[in-house]
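Novice: When we follow my numbering, the leftmost residue of the sequence shown carries the number 1123, and every step to the right adds one.
Note that beta-carbon positions come from the ideal geometry of N, C-alpha and C, so glycine has one too.
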Amino acid sequence: DEAKETADTLIQKSEELQQNVNVLESQTIPQFKAYVDNQKQSIDSAALNAQNAAKSAQESASEAESARLRSEQIQQVIAKDSVVLRDLGEKASRDAQIAVASSEKAAASANAAAGAANTAVAQAKQVEQWKNETEQLKSAAEEAVKHYPRINADNWWEIYNPLTGEYEQTDSRAQLMPRGVYSETQTYYPMDIVTDETAKASYLALKQSTGVPLDNADSWMKLVEAIKGDKGDTGKGLSVLAQYETLEELRSAVPDAEQGDAYGVGAQAPYDIYIWDGMDWVAHGRLEGPKGDKGDTGDNGKSAYEYAQEAGYTGTQAQLGRDLNTITDKLEMQIRALTLLAASWSADENTEELYKQEVTQEDILPLVVADKTALDLYADAATKRLLRDQGVAEIWLENQDSKVVAYAEGAMPQTDIAVQVRIIG
1123 DEAKETADTL IQKSEELQQN VNVLESQTIP QFKAYVDNQK QSIDSAALNA QNAAKSAQES
1183 ASEAESARLR SEQIQQVIAK DSVVLRDLGE KASRDAQIAV ASSEKAAASA NAAAGAANTA
1243 VAQAKQVEQW KNETEQLKSA AEEAVKHYPR INADNWWEIY NPLTGEYEQT DSRAQLMPRG
1303 VYSETQTYYP MDIVTDETAK ASYLALKQST GVPLDNADSW MKLVEAIKGD KGDTGKGLSV
1363 LAQYETLEEL RSAVPDAEQG DAYGVGAQAP YDIYIWDGMD WVAHGRLEGP KGDKGDTGDN
1423 GKSAYEYAQE AGYTGTQAQL GRDLNTITDK LEMQIRALTL LAASWSADEN TEELYKQEVT
1483 QEDILPLVVA DKTALDLYAD AATKRLLRDQ GVAEIWLENQ DSKVVAYAEG AMPQTDIAVQ
1543 VRIIG
């Protein structure tokens, strides 16, 4: 802007000087020339008159001298004015050259300014794009923080993808998974544990594989191997703790067995005996011995009803049968993944600092029976820290006449919470 203003000023001054030159060329110089011509004519006339009027020469001498003096004065004026005009012309020429150079410089400055302006506009657009991308990443990060990793029904970790708005399964298991004796036809995943055919060594799967032998260090890591030790003390003997119809029922009902625990499996006796070896259930055949000799006939023993009467039972024998049928012979446990939504909490109308929401998840409700099903909620360390930061002291589940209700005490959770639910009943 300053360069343009300077250029405009110089151009205006140049135009003014050009006007002065034009005035000098068109008016002043012609006037002086006409004046000189007139004076010359006057001198010529005077000389002619002097020659023709010789007789009056003496009288005209003084006039001629005066004319000569005037002529000299005029010539001096003309000479002086010519110098002034020459100086003015040279100065006008120099000013015109300066004006042209200034105009060129102003044009270059204007081009540079225009280039700088274009660069500034491009940079402003880039900054705006970076700002928008930053806002998008910020929004995605804020959304991701609200959804902590969770464990799905197949025991795989899932993480939230803010770009798709959905949880995605990872290639990591949530806990060790006993898979029994190794089989070449089975597909194994990280965190799977198998035993060899002798059941003396256990191996941990490091990555997904099918048909890869156990001695492959890239896919398997040996955990323990049985070695012959010193002779131990006499054991406590075999004690069958309970009976289940299938091995799957046994695995579900007894997730935390101790080494040496024995259970019967089968629809009727004699049952197959399975013993927990620390890693998996190992079959040890049916619980029956060789047929013995026929014994002597003995006295009839007491019936179950007689024993019940001795223990104080007062009902009839038929009533005892009905009462025994109502006794649950085993408990089953199942684990389900559950997400408690932040928008579903509401204040409890009876207790301050207590918030609740009803669970309606379809894979949980059918498993809950009024007065018979126990519910246990598990949250990982990251979720617990998040709840503490939000002022939530504790969360739990209750079976309210087959309705599943979640409670939070202290403060209402502000984000969605991924937890595991253990259903026992």
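1. Of the residues Ser1524, Asp1502, Lys1227, Val1303, which one's Cα is nearest the Cα of Ala1129?
2. Can you find the residues in the same chain that come closer than 6 Å, C-beta to C-beta, to Met1534, ignoring five residues on each side of it along the sequence?
3. Suppose you measure from the CA of Gln1219 to the CA of Gln1153; what does that come to, to the nearest Å?
4. Compute the distance between the beta-carbons of Lys1344 and Tyr1325, then report whether it is under 7 Å.
5. Going by DSSP, what residue range makes up the alpha helix (DSSP H) through Glu1370?
6. Considering only the beta carbon of each residue, do Gln1381 and Trp1403 sit closer than 7 Å?
7. With the cut-off set at 7 Å, would you say Asp1314 and Arg1301 are in Cβ contact?
8. When DSSP builds the beta bridges, which residues end up paired with Ser1331?
9. Which of the three DSSP states, helix, strand or coil, is assigned to Asn1521?
10. Report buried or exposed for Ser1215, applying the criterion of at least 16 other Cβ atoms within 10 angstroms of its Cβ.
11. Can you name the start and end residues of the beta strand (DSSP E) that Asn1142 belongs to?
12. Assuming Leu1463 and Val1481 form a contact by the criterion Cβ under 8 Å, report the distance between their Cβ atoms to the nearest whole angstrom.
13. Is there contact between the stretch 1301-1311 and the stretch 1328-1336, where contact requires at least three CB pairs shorter than 8 Å?
14. Gln1456 and Ser1524 look like a contact to me (Cβ under 8 Å); what is the Cβ gap, rounded to whole Å?
15. In angstroms, rounded to a whole number, what distance separates the CA positions of Asp1124 and Thr1150?
16. Determine the direct distance from the alpha carbon of Leu1259 to that of Tyr1500, and round the result to whole angstroms.
17. Closer than 8 Å by C-beta to Glu1475: which residues in its own chain qualify, once you throw out the five before and the five after it? Chain order, please.
18. Rounded to whole angstroms, how far is the Cβ of Tyr1396 from the Cβ of Ala1389, which I believe are closer than 8 Å?
Specialist: To lay it out plainly:
1. Lys1227
2. Trp1467, Tyr1477
3. 29 Å
4. yes
5. 1369-1375
6. no
7. yes
8. Tyr1310
9. strand
10. exposed
11. It is not in any beta strand (DSSP E) - Asn1142 instead sits in the alpha helix (DSSP H) that spans 1124-1145.
12. Not a contact, Cβ separation roughly 10 Å.
13. yes
14. Rounded, the Cβ-Cβ distance is 16 Å, inconsistent with contact.
15. Just to set this straight, residue 1124 is Glu in the shown sequence, not Asp. Cα to Cα, the separation comes out at about 37 Å.
16. 31 Å
17. Glu1531, Gly1532, Ala1533
18. With a Cβ gap of about 15 Å, Tyr1396 and Ala1389 do not count as contacting.
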